[in-house]
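For reference, the structure discussed in these notes is given below.
Numbering (the numbering used here), first residue to last: 112 to 382.
Next comes the structure, spelled out in structure tokens:
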């Protein structure tokens with residue numbers, strides 16, 4: 112394994128991959144809570160115009176969204192947090208699908224294998240979509256919110272698709288910086304929860320969907336779900352920054368992870 116690959120793999124939170132064909136989901140990470148209680152809020156130092164532009168655009172977009180939604184890092188209500196999380200996850204599920212689809216078509220027309228990119232990108236898209244549906248179990252958006260989601264998706268999908276065709280490395284750097292912001296946001300959410308500023312969530316039990324997806328214990332709380340989601344975002348952060356450093360036809364070097372089935376994990380939880 113190259114030193115570059117080892118460096119980025121070392122940034123990933125400790126995890127295992129779970130496989131359950133009955134759930135109709137791809138293999139995805141599951142975690143031990145002690146391994147993800149602290150996830151570093153890292154920042155990739157920009158190098159060159161492409162990186163600075165990507166970081167600047169992410170900061171501008173986030174700043175505008177924060178201003179529009181009244182984001183406050185000191186205190187927000189459970190309803191404000193849920194609205195923010197749901198909207199952001201509808202956006203976060205787009206890049207992986209666009210990248211995976213684009214590289215799939217590229218592989219077909221070039222008659223060459225993809226070297227591991229497609230699977231990683233599609234798993235990212237499904238993972239973000241699952242975050243969305245976990246949050247939707249706690250809040251049902253109204254008509255105006257759904258309209259905003261439709262408009263945002265229509266604009267963002269097409270812009271990202273065109274950008275990915277022309278500048279795929281820039282797009283991965285953009286998503287890497289976007290995921291840096293996601294990790295920061297979920298860290299602030301956890302901080303407010305631990306400080307008792309979101310009392311509705313202090314004893315809230317994790318939904319069955321979240322328990323099944325992350326293979327959490329029977330009495331798992333919503334806090335464990337947020338920890339798991341933050342860990343997912345940190346993986347997306349490092350993966351996309353790594354993809355931005357690679358050439359388009361370069362192989363993906365994977366970490367060695369232990370794949371378990373759901374029954375094995377259930378037995379571990381009982382133990």
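Glycine residues also receive a C-beta, built at the ideal position from the N, C-alpha and C atoms. Every value quoted in this text rests on a predicted model; they were computed, and no experiment measured them.
With DSSP as the reference, label residue i as helix, strand or coil.
| i | result |
| --- | --- |
| residue 200 | helix |
| residue 55 | Look at the range of the chain in this structure, 112 to 382, and you will see that residue 55 is not part of it. |
| residue 261 | helix |
| residue 127 | strand |
| residue 306 | coil |
| residue 368 | Because the pLDDT at residue 368 is just 49, under 50, the model does not fix this residue reliably, and the value given afterwards should be weighed accordingly. Three-state result, residue 368: coil. |
| residue 363 | coil |
Quick test of your reading: residue i and residue j, contact by CB under 8 Å. State the CB separation rounded to the nearest angstrom.
| i | j | result |
| --- | --- | --- |
| residue 200 | residue 242 | 5 Å |
| residue 138 | residue 129 | 7 Å |
| residue 123 | residue 349 | 6 Å |
| residue 150 | residue 206 | Incorrect: roughly 21 Å between the Cβ atoms, too far for contact. |
| residue 336 | residue 197 | Wrong, their Cβ atoms sit about 14 Å apart, outside the cutoff. |
| residue 211 | residue 362 | About 17 Å separates the two Cβ atoms, so there is no contact after all. |
| residue 140 | residue 340 | Their Cβ separation, rounded to whole angstroms, is 11 Å, which puts residue 140 and residue 340 out of contact at 8 Å. |
| residue 304 | residue 284 | Going by Cβ atoms, the distance from residue 304 to residue 284 rounds to 31 Å, so no, they are not a contact pair. |
| residue 271 | residue 165 | That pair is no contact at about 12 Å. |
| residue 237 | residue 136 | 6 Å |
| residue 239 | residue 203 | 4 Å |
| residue 297 | residue 235 | Rounded, the Cβ-Cβ distance is 16 Å, inconsistent with contact. |
Hey, quick one: how far does the alpha helix (DSSP H) through residue i stretch, first residue to last?
| i | result |
| --- | --- |
| residue 149 | Looking at the DSSP string, residue 149 is not in any alpha helix (DSSP H), and its letter there is neither H nor E. |
| residue 333 | 333-356 |
| residue 326 | First-last for residue 326: undefined, no H or E at that position. |
| residue 229 | 228-247 |
- Cβ contact check for the stretch 223-232 and the stretch 272-282: 3 or more pairs under 8 Å: no
- Message: I'd like the ranges of any alpha helix (DSSP H) spanning at least 4 consecutive residues and lying wholly in the stretch 151-225.
- Response: 160-180 and 189-221
- Item | Stretch pair the stretch 150-159 + the stretch 168-184: three plus CB contacts closer than 8 Å | no
- Counting Cβ pairs, one atom from each stretch, are 3 or more of them under 8 Å apart for the stretch 294-312 and the stretch 182-189? yes
- Query: Would you call the stretch 326-342 and the stretch 253-271 touching, i.e. three or more CB-CB distances under 8 Å?
  - Reply: no
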